[in-house]
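Colleague: In terms of the working numbering, the sequence shown opens at residue 7 and continues consecutively.
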Amino acid sequence: MDKLVVTGPTPLKGEVVISGAKNAAVAILPAALLIDGICTIENVPNISDVKISCEILEKLGAKIDWIAPNTITIDSRNITTTKAPLDLTSKFRASYYIIGAMLSRKGSIEVGMPGGCKLGARPIDQHIKGFEALGATVTVEKGKIVANAEKLVGNNIYMDIVSVGATINIMLSAVLAEGTTIIDNAAKEPHIVDVANFLNTMGADIRGAGTDVIKVNGVKRLKGDATYSVVPDQIEAGTFMLAAVASKGDLLIKNCITKHLESITAKIVEVGAHVEDYGDSIRVWCDKRPKSAKIKTLPYPGFPTDLQPQMGVVLSIANGTSMINENIWESRFQYTEELNKMGAKISAQGKTAIFEGVEKLSGSPVYSTDLRAGAALIIAGIVAEGTTEIYNLEHIDRGYENIEEKFRNIGANIKRVTE
Ligand code: EPU
């Protein structure tokens, strides 16, 4: 079993380069199943969720080559089966994108129930509603999802809830459908725009991604034969921004799109830290104890739930009492118990957590309960006095590329130890 050993406190200083976005990459890879040809994808983060996606695509008959550390080619001309391996698809959340892509390309698919971080109930009713509106039949039984369609025909779909996954999945299923699909009340996250841009580069006709109405005009075939680069990871950038604030450091975060970071930038300024925006990089520094704040997580462009735990570390050491209202996931405060082991004073109940800021955290053994909780615990370990041991690294490795190396390069005393 691996653990991360972090000794602090250390103010983080220097430059860090952001990788391609996990949540875009894990949708773009299945989207490549729609292409009756070959595509090249650059800026692919080398993380375990991407590796599992590649394995699933290969089991379906696609050929994948890593031609450079972050560049792959995918040849989806010969899809040989419509049964995705249940064990692999159940390992992570984004396997549900295989359904939308394969329904559109082959009219049939069988996958395991998607897994992923345990953040409370994670229904997929809106995905299914979309597939059915296009003419598919979907059954969910004994841990698997089976979807079939003789023909998919475009339709108007109103999403009852703003869902990143359902928006992308319906977009995928509509790409090769007959006629036009309109997705109303769509999610607007940067990775939705990225998936649409990828598909359009490969020959699709998708308009309005990034607004709450997306129109997909079905096309007969995606021919590929093009290269696309995955958007920089907004959440990884935000993680380092918050690490700079919590550690009273000074970081230049390179290869990011600062427009995607506006909500987090606003909160960082509110707690008294400084931000300089250069468009494709951002400098964040903090020279005093952060002030308290109120945070509400919301769909984009609101404050992202995926930065809530990292912000929680900042608020745990802020001057005064802060509050976080989590509006996306039922159960995203599990990390607060781990921070309390390190001396934080956080009480979480239901959707709300109250943070009574303490002057310092102290090192302790802690357990990463999900991906972003793991990132928060690394920041807490860097800020805390003494040594923190972080367990359950498989969560962190799902979504952050070379994380300990990136933190080590900006001064953190962090190492991975195999016990
Ligand atoms: N929801 C439904 N029905 C559905 C779909 C969603 O009720 O059919 C609800 C969910 O239960 C949740 C809300 O809608 O309360 C939003 O869920 P959404 O579908 O937007 O989330 P997701 O697509 O499953 C993605 C990211 C998450 C991120 C959320 C919100 C991927 C693979 N995952 O999940 O990322 O928290 O959007 O932004 O893109 C992470 O990276 O750590 C992570 C958990």
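In this text, a Cβ means the ideal position worked out from N, Cα and C, and glycines have one as well. Quick caveat: nothing in here was measured; it's all calculated off a predicted structure.
(1) Closest to Gly20 by CA distance: which of Gly278, Leu258, Thr95 and Lys351 is it?
(2) Can you tell me the Cβ-Cβ gap for Gly14 and Val389, rounded? I've got them flagged as a contact below 8 Å.
(3) Suppose contacts are defined by Cβ-Cβ distances below 7 Å. Is Gly118 in contact with Ser82 by that definition?
(4) So, under 8 Å CB-CB, Lys157 and Glu184 are touching, yes? Tell me the CB distance rounded to an integer number of Å.
(5) Would you grab the beta carbon distance between Pro305 and Ala193 for me? Rounded to a whole angstrom, and I think it's under 8 Å.
(6) To which residues of the same chain is Asp166 closer than 7 Å at the C-beta, ignoring the five residues directly before and after it?
(7) To the nearest angstrom, how far is it from the Cα of Arg213 to the Cα of Asp190?
(8) Do Leu205 and Ala68 count as a contact pair if the criterion is CB distance below 7 Å?
(9) In terms of residues, what are the limits of the alpha helix (DSSP H) holding Asn162?
(10) Would you say Ala202 touches the ligand EPU, meaning its beta carbon is less than 6 Å from a heavy atom?
(11) Relative to the ligand EPU, is the shortest distance from any of its heavy atoms to the C-beta of Asp312 smaller than 6 Å?
(12) Give a single yes or no on whether His280 has its beta carbon closer than 6 Å to a heavy atom of the ligand EPU.
(13) By the 10 Å Cβ neighbour count, where 16 or more other Cβ atoms means buried, how is Glu116 classified, buried or exposed?
(14) My understanding is that Thr87 touches Leu66, with C-beta atoms under 8 Å, so please give their C-beta distance in whole angstroms.
(15) With a threshold of 6 Å, establish whether the CB of Gln316 neighbours any heavy atom of the ligand EPU.
(16) With DSSP as the reference, label Met329 as helix, strand or coil.
(17) Any heavy atom of the ligand EPU inside 6 Å of the beta-carbon of Arg128?
(18) Are the CB atoms of Val201 and Ala33 nearer to each other than 7 Å?
(19) Please classify Phe339: does DSSP put it in a helix, a strand, or coil?
(20) Can you name, in chain order, every residue of its own chain whose Cβ lies under 7 Å from the Cβ of Tyr102, other than the five neighbours on each side?
(21) Could you tell me the alpha carbon to alpha carbon distance between Pro307 and His266, rounded to whole angstroms?
(22) With DSSP run on the structure shown, which of helix, strand or coil describes Arg422?
(23) I'd like to know whether the C-beta atoms of Thr187 and Asn154 end up nearer to each other than 7 Å.
(24) Using the Cα positions of Ser337 and Leu10, report the straight-line distance between them to the nearest angstrom.
(25) Could you please give the first and the last residue of the uninterrupted beta strand (DSSP E) stretch that includes Ile323?
(26) Quick one: grab the DSSP three-state call for Leu304.
(27) Could you tell me the distance, in whole angstroms, from the CA atom of Val219 to the CA atom of Pro17?
(28) Can you tell me where the beta strand (DSSP E) holding Tyr234 begins and where it ends?
(29) Per DSSP, which one or two residues make a beta bridge with Gly405?
(30) Could you give the first and the last residue of the continuous beta strand (DSSP E) run that contains Asn223?
(31) Within the same chain, show all residues whose beta-carbon is closer than 6 Å to that of Ser353, passing over the 5 residues directly before and after it, in chain order.
(32) Quick one: residues in its chain with C-beta nearer than 6 Å to the C-beta of Gly216, no 5 flanking neighbours on either side, listed in chain order?
Modeller: According to the structure data:
(1) Leu258
(2) 6 Å
(3) no
(4) 7 Å
(5) 6 Å
(6) Gln132
(7) 12 Å
(8) no
(9) Per DSSP, Asn162 belongs to no alpha helix (DSSP H); it is in the beta strand (DSSP E), Asn162 to Tyr164.
(10) no
(11) yes
(12) no
(13) buried
(14) 6 Å
(15) no
(16) strand
(17) yes
(18) yes
(19) coil
(20) Pro120, Ile130, His133, Gly171 and Asn175
(21) 8 Å
(22) strand
(23) no
(24) 24 Å
(25) Segment: none, Ile323 is in no beta strand (DSSP E) and carries neither H nor E.
(26) coil
(27) 44 Å
(28) Ala232 to Ser235
(29) Answer is none; Gly405 lacks a bridge partner.
(30) Val219 to Asn223
(31) Ile360
(32) Lys194 and Val199
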